[in-house]
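Student:
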């Protein structure tokens with residue numbers, strides 16, 4: 001693992017946004033499903049997933065979900081149930097209530113919070129299907145009060161229409177009652193515009209392949225979408241007090257995600273830098289996903305030397321990492337200075353997988369520097385606000401002239417007259 | 001104004017998203033400013049705004065701002081100051097605080113709220129420059145605690161570099177300290193990527209022409225952007241108790257915005273329907289912007305008859321209007337049933353201009369049915385959240401095995417080992 005001065009480092013990852021051909025293909029699928037509904041949905045499912053379905057077999061049955069429970073092992077079920085409780089408890093604390101401001105003159109102003117009515121969660125098929133991500137997408141929507149949460153996930157390829165039982169169980173545990181075996185851009189289009197079999201939703205979330213991402217972008221506006229995630233990142237900020245083996249293990253747990261992942265140690269300690277670099281080598285040699293992790297470490301990994309922990313925080317704030325671990329003597333002292341980081345893990349026992357799987361905070365976190373302006377998935381993502389204005393007669397009589405002044409300045413005489421007609425009548 | 005049964009109505013407006021040529025032009029400007037900085041910024045300003053500036057003259061000076069105060073009339077200043085106070089007070093009630101959950105085993109979990117560091121507000125030039133919109137964009141950012149708020153607005157065309165004094169005063173009153181006389185796609189690119197003269201921001205908001213909208217879309221990801229607004233809409237839900245003259249005036253205050261605006265009355269009362277249609281005609285005849293308003297009413301306006309107020313609410317929820325006025329005997333009774341509306345105005349004195357200019361809630365509200373899933377501009381738009389995880393040794397020892405079970409199920413052995421290495425060492 002390369003060791004360098006922080007000033008010499010420039011993290012640049014070109015994120016894949018799809019080729020023009022991929023974009024065209026995604027747009028065609030979306031347009032066809034929008035126009036033809038189920039017919040196109042089933043046709044593309046046969047074409048891309050090599051599974052021939054009919055409209056009646058799109059929906060996952062209660063029997064399949066029950067059968068899935070028989071296939072998952074008990075330790076998994078115990079763990080995912082406890083994780084789901086933790087995620088639910090944490091997100092319940094994010095919940096907000098409508099409020100009203102009652103003014104002296106009888107006017108009521110307020111902000112009304114309402115859940116979205118119907119949300120679609122996309123769960124990718126194959127190796128990219130993570131039960132933990134099902135919880136992280138579904139539970140915040142459920143806590144927000146979304147009454148209809150729909151999961152779509154591709155049928156297994158090769159003619160069998162089975163879905164990973166662990167995904168079905170995770171979805172059922174999270175509270176999903178409506179699941180469909182469709183994937184790809186065609187599933188996104190069905191969620192956005194609706195078909196005879198699948199009613200349209202208000203928001204689509206969850207990760208997918210490039211066609212799914214391009215389809216989500218195409219339907220944005222008709223429905224809301226979540227952000228499109230880039231490769232995962234960790235920054236560890238550490239001083240001499242950190243255990244090099246812990247730091248190395250945490251860096252590798254990020255690097256094993258994919259070749260584009262980024263794992264960076266920032267430290268003022270040359271000694272820690274060298275010890276971690278050695279530990280990374282040592283631990284890499286026995287890691288099952290060692291090829292992926294090594295490629296990530298070589299391309300996007302680094303140990304960055306800084307003059308002080310404070311200087312390290314400046315680098316953190318510039319990088320705005322998805323995950324930040326702080327392994328220093330007194331990490332809470334630094335918290336107030338951390339401006340930009342999606343999730344902050346403090347102290348030696350807050351290894352990133354604790355947050356990925358179990359503690360409760362969401363593991364879907366802004367990547368690629370976007371923690372500067374965006375947030376982990378949270379209950380607000382499934383709430384919308386409406387303003388409430390109940391203006392009193394007294395308030396209108398007192399303020400009508402000022403409102404007319406502002407409207408007339410902007411050349412909007414119709415606005416002024418809507419006030420004037422009331423003032424004339426009410427003043428008598 | 002046409003009167004029809006609600007079932008016969010289908011509101012369809014094709015919103016302009018720009019031609020391929022416009023898109024290409026916007027992308028070229030963005031790329032040039034990203035590559036060349038001030039040189040391209042000044043070149044495009046000369047080309048499009050016909051104003052020759054140099055880097056030193058981009059920023060609006062304190063003297064200009066002071067001079068602007070001498071040019072605005074006193075009634076305007078009084079009204080906009082009071083409006084600014086109301087907007088600030090309302091948005092302060094939206095402010096949120098970071099929180100922590102302290103668990104029995106010593107674990108701390110939390111959600112940290114932080115303002116964005118730097119926000120750019122675009123203010124269009126010419127007739128589309130509304131001082132009220134400056135307040136509505138700037139004040140929520142300021143209330144959120146954004147330390148740097150930058151305004152950009154095109155220089156006046158025709159060789160003069162003056163900016164509308166009302167815009168300068170509104171910005172100064174809202175608390176903007178940094179203003180630049182640049183507009184168009186080049187201003188958006190400068191805000192997103194920075195130039196020698198203008199430091200880059202984290203988020204860009206505010207309306208603009210099609211090139212501005214396309215440039216905002218192009219820079220999204222590098223920075224955050226607000227949503228791209230469609231034409232304005234009002235739905236009035238009214239019963240026999242409503243004054244037809246008030247309803248007509250409110251419909252026209254929306255219709256005068258532009259030809260694409262939509263003004264709809266929903267009522268169970270045939271009598272009100274006819275009276276409002278007649279009043280619209282009567283009031284239209286003396287309205288200065290009568291041509292625009294008539295075109296809007298003819299194309300997108302309607303009186304929709306329903307069987308009951310409850311049936312009217314169903315139509316409202318399908319339309320998800322930007323503005324909803326409820327002029328019924330007891331409007332508060334209906335509030336709980338309104339699922340989708342950006343801003344809800346209750347009772348005869350809550351004419352929409354009250355909210356457009358003065359009451360306090362934001363007047364930048366989701367259009368085109370997007371109130372189904374999005375919200376008026378609010379303080380949350382300028383806050384980002386970070387998760388906090390401070391896991392205790394006790395918690396890790398108790399839960400480590402479950403975390404490893406979940407990680408191993410997902411094939412992420414490196415994640416499991418980051419836990420395992422700690423368990424082995426800490427368990428001794």
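Chains as they are written, first to last, in the UniProt record's numbering: chain A, 1 to 428; chain B, 1 to 428.
Glycine included, every Cβ here is placed at the ideal spot set by N, Cα and C.
Only a predicted model underlies this, so the values are computations on that prediction, with no experimental measurement involved.
Hey, residue 84/B and residue 135/B: beta-carbon distance below 8 Å or not?
Tutor: Result yes, Cβ atoms of residue 84/B and residue 135/B sit closer than 8 Å.
Student: Starting from residue 323/A and walking both ways along the beta strand (DSSP E), at which residues does that stretch end?
Tutor: Here the beta strand (DSSP E) through residue 323/A covers 323 to 327.
Student: At a Cβ threshold of 8 Å, is residue 337/B touching chain A?
Tutor: No - not a single Cβ of chain A is within 8 Å of the one on residue 337/B.
Student: In three-state terms, what does DSSP make of residue 256/A?
Tutor: In this structure, residue 256/A counts as coil in the three-state DSSP scheme.
Student: Run through chain B and tell me which residues come within less than 7 Å of residue 82/A, C-beta to C-beta.
Tutor: Within chain B, the residues near residue 82/A are 402.
Student: Specify, as a first and last residue, the run of the alpha helix (DSSP H) that residue 166/B falls within.
Tutor: 165 to 174 is the extent of the alpha helix (DSSP H) around residue 166/B.
Student: Short of 8 Å Cβ to Cβ, which residues in the stretch 54 to 80 of chain A face chain C?
Tutor: In the structure shown, chain C does not exist; the protein chains are A and B.
Student: Kindly list the residues whose CB is nearer than 7 Å to the CB of residue 276/B, restricted to its own chain and excluding five residues on each side of it in sequence; keep chain order.
Tutor: For residue 276/B, where only same-chain residues beyond five positions count, the Cβ hits under 7 Å are 244, 247, 248, 265, 303.
Student: Do three or more CB pairs link the stretch 282 to 297 of chain B to the stretch 191 to 208 of chain B at distances below 8 Å?
Tutor: In short, these stretches do not touch, since the Cβ pair count stays below three.
Student: According to DSSP, residue 262/A sits in a beta bridge with which residue or residues?
Tutor: In DSSP, residue 262/A forms a bridge with 233/A.
Student: Any C-beta of chain A sitting closer than 8 Å to the C-beta of residue 341/B?
Tutor: Closer than 8 Å: yes.
Student: In three-state DSSP terms, what is residue 111/A?
Tutor: Three-state result, residue 111/A: strand.
Student: Inspect the CB distances between the stretch 94 to 113 of chain B and the stretch 387 to 397 of chain A and report whether three or more fall short of 8 Å.
Tutor: No: fewer than three Cβ pairs fall under 8 Å.
Student: Buried or exposed: residue 220/B, going by 16 or more other Cβ atoms within 10 Å of its Cβ?
Tutor: With fewer than 16 Cβ atoms within 10 Å of its Cβ, residue 220/B is classed as exposed.
Student: In terms of residues, what are the limits of the alpha helix (DSSP H) holding residue 38/A?
Tutor: Segment 38 to 49, the alpha helix (DSSP H) holding residue 38/A.
Student: Excluding the 5 residues flanking residue 34/A on each side, which residues of the same chain have their C-beta closer than 7 Å to its C-beta?
Tutor: Excluding positions up to five away in sequence, the list reads 189, 193.
Student: Select from 212/A, 258/A, 344/A the residue whose C-alpha is nearest the C-alpha of residue 26/A.
Tutor: Checked all of 212/A, 258/A, 344/A; the closest Cα to residue 26/A is 212/A.
Student: Residues in its own chain within less than 7 Å of residue 170/A by CB, not counting five upstream and five downstream?
Tutor: Closer than 7 Å at Cβ, skipping near neighbours: 80, 131, 134, 135.
Student: So, is residue 337/A buried or exposed, given that buried needs 16 or more other C-beta atoms within 10 angstroms?
Tutor: Under this definition residue 337/A is an exposed residue.
Student: Tell me where the alpha helix (DSSP H) around residue 69/A begins and ends.
Tutor: It spans 62 to 71 - the alpha helix (DSSP H) in which residue 69/A sits, taken as one unbroken run.
Student: Express the C-alpha separation of residue 198/B and residue 180/B in angstroms, rounding to a whole number.
Tutor: Cα to Cα, the separation comes out at about 8 Å.
Student: Below 7 Å on C-beta distance, what does residue 399/B contact in chain A?
Tutor: Chain A residues near residue 399/B: 358.
Student: Of the residues that make up the stretch 240 to 253 of chain B, which ones have a beta carbon closer than 7 Å to any beta carbon in chain A?
Tutor: Those would be 245, 246, 249, 250, 252, 253, in chain order.
Student: Between the stretch 355 to 366 of chain B and the stretch 84 to 94 of chain B, can you find at least three pairs of beta-carbon atoms closer than 8 Å?
Tutor: Verdict: yes, contact present.
Student: Name the one or two DSSP bridge partners that residue 4/A has.
Tutor: Bridge partners of residue 4/A: 304/A.
Student: Of all the options 402/A, 115/A, 71/A, which has the alpha carbon lying nearest to the alpha carbon of residue 382/A?
Tutor: Here the closest residue by C-alpha is 115/A.
Student: In the DSSP assignment, find the unbroken alpha helix (DSSP H) run with residue 393/A in it and report its ends.
Tutor: Residue 393/A -> alpha helix (DSSP H) spans 393 to 409.
Student: Closer than 8 Å by C-beta to residue 6/A: which residues in its own chain qualify, once you throw out the five before and the five after it? Chain order, please.
Tutor: Result list for residue 6/A: 266, 304, 305, 306, 311, 312, 315, in chain order.
Student: One question on the structure: do residue 412/A and residue 279/B come within less than 8 Å of each other, judged by their Cβ atoms?
Tutor: Result no, Cβ atoms of residue 412/A and residue 279/B do not sit closer than 8 Å.
Student: Under a Cβ-count criterion, where at least 16 other Cβ atoms within 10 Å of its own Cβ denotes burial, should residue 97/A be classed as buried or exposed?
Tutor: So residue 97/A ends up on the exposed side.
Student: Could you tell me whether the Cβ of residue 373/B comes closer than 8 Å to any Cβ of chain A?
Tutor: It does; some Cβ of chain A falls within 8 Å.
Student: Using the beta-carbon count (16 or more within 10 Å), is residue 254/B buried or exposed?
Tutor: Buried.
Student: Can you pull the chain B residues whose beta carbon is under 8 Å from the beta carbon of residue 200/A, in chain order?
Tutor: Chain B residues near residue 200/A: none, gap ~10 Å exceeds 8 Å.
Student: Tell me whether residue 96/A sits in a helix, a strand or coil according to DSSP, three-state version.
Tutor: Note: residue 96/A maps to coil in three-state DSSP.
Student: What number of angstroms, rounded off, separates the C-alpha of residue 380/A from the C-alpha of residue 339/B?
Tutor: The alpha-carbon atoms of residue 380/A and residue 339/B are separated by roughly 16 Å.
Student: Please tell me whether residue 146/A and residue 122/A are closer than 8 Å, where the distance is taken between their beta carbons.
Tutor: No. Outside cutoff.
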